[in-house]
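Enquirer:
Protein chains in written order, with my numbering: chain G, 50 to 322; chain C, 210 to 504.
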């Protein structure tokens, strides 16, 4: 009996002490570039767009030095998005055309990401119909195997066409949101930015449809998500949801209260950001 | 093999006696060390705040411990009455025009009180037990300083200035080697000291009836030297902050990398704690790469 116990113990120790095979692969430069890119994301989420641009550029430079082409292009695309947020159209156009050339000459499979950026630019220009076609195509292209990407484009389409959605599209969004929430709760959601984005959008949709109690539950949920993820610089989105909700519920006292909070939020942002 | 105790009845009381003897010796040593057997003469002073008194700081005179703060309480006019005692063998040092001056460490915390006495003279009158020995920043204490009855020595006010000078010198030598971690730590120490010193300078000058030339009277050359150095250090601070600003892009990912390493270490520990035969081993970190962003 004792011998059996000792053998089992030895076996379990063998399991613990197995070592990985020697690898010649180095990731020092890439890790540094990854960190810069993450910092770019952090500053973008804090609405510090100039800093975000700087970090994305440093990250892109390092990826290019190493030769990580896909990651280089991803950083450039994120820069495109930031340039759009900063309303720097000329710089955006110039960068996007460089990205397209790079993608083409290097034979990279980044066409979908590039077309998304083009759609964003079209929405900005007010060319909604053309942009909608691109986003719908993206939804179709991701339908089979990449749920998170598909769901993102569903919600993005919805955010640009709030009052124009069909009942089927709306039902699909509800199902997608349930799935996103499930993934988020089980910590399996890979694109964490999808959670707050979809929560805000679905709350707006419920408000638009006048489903007030469901809308309120989703606004509360959005509030909690923003709090948990500390999306402090974007809290105006949540406050705006509360303003819309109380205005629609004819509760002028609370609507005014949240409007005041919104004003205060902008004051604090200009003070501390 | 079995041991036999042949003189058990003798050995046990001897060991007990040795243990008791040692205990008594230690207690006596501790008591002597704490001057429990030394007779003490009580005095008191009044100050506006009890900050720094919680540790019952010692009272020193020229580097020797001559007494200690025993207790303190708040009176009806919201001043703090601080009772202290002076050991009997230093009793003759507490003469009229003596004051108590707080001494602060590098970090700005009070370390002890310095007993400041007037120039030695046979005509000096002893302060009677339970009587007031003024605090240096009290009205009476300031009067003694202003009319020149006493001069605050280096160890009191100027001592801090000397320490400040030492740090400022240390910082200046680091100017060429950008040891950021040490520099930042020292900067924080310096700023704490500067803050503490300046607030006391401000307090003393504000409370003085004759502020002209008070810096010279209170701290001698050290104060003037420190003020000059402070001017230099502000320039240095500006340069250092510029270096920090330039290096921020390098520092931020370094910190991030460090966080990442800690995360990995944490994962390894998790893996060790979770036997792979039973659990799933080290969890895999997922990193999303895409342009589907909340913007």
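Backbone N, C-alpha and C define an ideal beta-carbon position, used for all residues, glycine too. Owing to the predicted nature of the structure, the values given are computational and were not obtained by experimental measurement.
Of all the CB atoms in chain C, is at least one closer than 8 angstroms to the CB of residue 322/G?
Expert: So, not an interface residue.
Enquirer: Which same chain residues end up closer than 8 angstroms to residue 263/G when comparing Cβ atoms and leaving out the 5 residues on each side of it in sequence?
Expert: For residue 263/G, where only same-chain residues beyond five positions count, the Cβ hits under 8 angstroms are 255.
Enquirer: If you measure beta-carbon to beta-carbon, which residues of the segment 157-171 of chain G are closer than 8 angstroms to chain C?
Expert: Within the segment 157-171 of chain G, the qualifying residues are 162, 165 and 166.
Enquirer: Please check if any C-beta of chain C sits within less than 8 angstroms of the C-beta of residue 84/G.
Expert: Yes, because at least one Cβ of chain C sits closer than 8 angstroms to the Cβ of residue 84/G.
Enquirer: Which residue marks the beginning of the alpha helix (DSSP H) containing residue 321/C, and which one marks its end?
Expert: Premise fails: residue 321/C lies in the beta strand (DSSP E), 319-325, not in any alpha helix (DSSP H).
Enquirer: Using only alpha-carbon positions, find the residue among 229/C, 502/C, 287/C and 354/C that is nearest to residue 307/C.
Expert: Measuring from the Cα of residue 307/C, the nearest candidate turns out to be 354/C.
Enquirer: Are residue 501/C and residue 224/G closer than 8 angstroms when you measure CB to CB?
Expert: Not a contact, by the Cβ cut-off of 8 angstroms.
Enquirer: Looking at chain G, is there any beta carbon in it that lies within less than 8 angstroms of the beta carbon of residue 178/C?
Expert: The requested residue 178/C is not part of the displayed model; chain C covers only 210 to 504.
Enquirer: Out of 238/G, 172/G, 239/G and 271/G, which has the shortest C-alpha to C-alpha gap to residue 252/G?
Expert: Of the candidates 238/G, 172/G, 239/G and 271/G, the one whose C-alpha sits nearest the C-alpha of residue 252/G is 271/G.
Enquirer: In chain G, what lies closer than 7 angstroms to residue 502/C by C-beta?
Expert: Simply 130 and 242.
Enquirer: How would you call residue 213/G, buried or exposed, if buried means at least 16 neighbouring beta carbons within 10 angstroms?
Expert: Residue 213/G comes out exposed.
Enquirer: Kindly list, in the order they appear in chain G, the residues whose Cβ is closer than 9 angstroms to that of residue 470/C.
Expert: The contacting residues do not exist; residue 470/C stays about 10 angstroms from chain G at best.
Enquirer: Just reading off the beta strand (DSSP E) that residue 309/C is part of, what are its end residues?
Expert: That run of the beta strand (DSSP E) goes 308-313.
Enquirer: Is there a Cβ of chain G sitting closer than 8 angstroms to that of residue 456/C, yes or no?
Expert: No, its Cβ sits nowhere closer than 8 angstroms to a Cβ of chain G.
Enquirer: Label residue 231/C either buried or exposed according to how many other C-beta atoms from any shown protein chain fall within 10 Å of its C-beta, with 16 as the threshold for buried.
Expert: So residue 231/C counts as exposed.
Enquirer: Could you compute how far the alpha carbon of residue 348/C sits from the alpha carbon of residue 467/C?
Expert: Rounded to the nearest angstrom, the two C-alpha atoms are 54 angstroms apart.
Enquirer: Tell me the DSSP secondary structure of residue 251/C in three-state form.
Expert: If DSSP states are grouped into helix, strand and coil, residue 251/C belongs with the strands.
Enquirer: Taking only beta-carbon atoms, is residue 192/G less than 8 angstroms away from chain C?
Expert: For residue 192/G, the answer is no, since every Cβ of chain C falls outside 8 angstroms of its Cβ.
Enquirer: Let me confirm a value: residue 261/G is counted as buried when at least 16 other C-beta atoms fall within 10 Å, else exposed. Which label applies?
Expert: Result: exposed.
Enquirer: Do you know offhand how far residue 361/C's Cα is from residue 269/C's?
Expert: Roughly 13 angstroms separates the two Cα atoms.
Enquirer: For residue 254/G, return the contacting residues in chain C, with the cut-off set at a CB-CB distance below 9 angstroms.
Expert: The premise fails here: residue 254/G is roughly 16 angstroms from chain C at the closest Cβ pair, so nothing lies under 9 angstroms.
Enquirer: Could you pull the start and end residues of the beta strand (DSSP E) that residue 284/C belongs to?
Expert: Careful: residue 284/C lies outside any beta strand (DSSP E) and carries neither H nor E.
Enquirer: Quick check on DSSP: helix, strand or coil for residue 331/C?
Expert: Note: residue 331/C maps to coil in three-state DSSP.
Enquirer: Excluding sequence positions up to five away, which residues of its chain have a Cβ less than 7 angstroms from the Cβ of residue 304/G?
Expert: These residues qualify, in order along the chain: 292, 295 and 296.
Enquirer: If we ignore side chains and look at the alpha-carbon of each, how far apart do residue 497/C and residue 87/G end up?
Expert: One C-alpha to the other measures close to 10 angstroms.
Enquirer: Which same chain residues end up closer than 7 angstroms to residue 277/C when comparing Cβ atoms and leaving out the 5 residues on each side of it in sequence?
Expert: Excluding positions up to five away in sequence, the list reads 265, 267, 268, 293 and 294.
Enquirer: Taking Cβ-Cβ distances below 8 angstroms as the criterion, which residues of the segment 304-338 of chain C are in contact with chain A?
Expert: As a matter of chain content, chain A is missing from the structure shown, whose protein chains are G and C.
Enquirer: Any chance the segment 92-103 of chain G sits against the segment 111-122 of chain G, with 3 or more Cβ pairs inside 8 angstroms?
Expert: Touching, no.
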